[in-house]
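**Student:** There's a structure below that I have some questions on.
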Amino acid sequence: MAITTDRKIELLGTVALFDGIGSDGLAAVAEQAEEVDYAAGRSIVRQGEIGTGFFLITAGRTRVVRDGETLAELGPGEFFGELSLLDGEPRIAAVVSETPTTCLAIPSWKFDTLLEAQPRLAVALLRVVARRLRNVTEEHLH
Numbered sequence: 004m005a006i007t008t009d010r011k012i013e014l015l016g017t018v019a020l021f022d023g024i025g026s027d028g029l030a031a032v033a034e035q036a037e038e039v040d041y042a043a044g045r046s047i048v049r050q051g052e053i054g055t056g057f058f059l060i061t062a063g064r065t066r067v068v069r070d071g072e073t074l075a076e077l078g079p080g081e082f083f084g085e086l087s088l089l090d091g092e093p094r095i096a097a098v099v100s101e102t103p104t105t106c107l108a109i110p111s112w113k114f115d116t117l118l119e120a121q122p123r124l125a126v127a128l129l130r131v132v133a134r135r136l137r138n139v140t141e142e143h144l145h
């Protein structure tokens, strides 16, 4: 059964990235998001490929893998794919489903439109990217 728009809004509302964009903003994001299911062990995105989507995990567990090394595990409420959408460069890591996984996916061309229409989403995304960059930089310094 397909996920309802109301359920998408509810799921999006639990994610810090979407804090502060309001109910109209959440509805706009939900309208662009498609539910996608992945079997356990399936590659959701592949390292080195051009990114064409943003993914929010709504159920299941995934691994982020770069050059065969697991960098992180992600679960419900966490997301990936934003870097390739922002810079148009190939993905720096793969994401593989560990368990059956469901994501809300937004293709790049719709994501760009959302960022233009929802400035608070753009600001929130910049904060997340900055935090992730800071974490990686600090890890390399220690």
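Heads up: the sequence shown runs through residues 4 to 145, numbered per the working numbering. We put the beta carbon where it would ideally sit given N, CA and C, even for glycine. The structure presented is a predicted model; accordingly, all values stated were derived computationally and were not measured.
#1: Rounded to whole angstroms, what is the Cα-Cα separation between Phe-114 and Asp-27?
#2: Let me make sure I understand the geometry here. Which of Leu-129, Ala-19, Thr-104 and Leu-20 has the alpha-carbon closest to that of Val-48?
#3: By alpha-carbon positions, which one of Glu-85, Ala-33 and Arg-10 ends up nearest to Leu-136?
#4: Check the C-beta distance from Ala-33 over to Leu-59 and give it rounded, since I have them as a contact under 8 Å.
#5: By Cβ distance below 8 Å, which residues in the same chain neighbour Ala-30 in space, the five residues on each side in sequence not counted?
**Tutor:** Short version:
#1: Those two C-alpha atoms are separated by around 16 Å.
#2: Looking from the CA of Val-48, the closest CA among Leu-129, Ala-19, Thr-104 and Leu-20 belongs to Thr-104.
#3: Per the Cα distances, Glu-85.
#4: Not confirmed; about 11 Å, so no contact.
#5: Only Thr-8 and Ile-12 meet the Cβ criterion.
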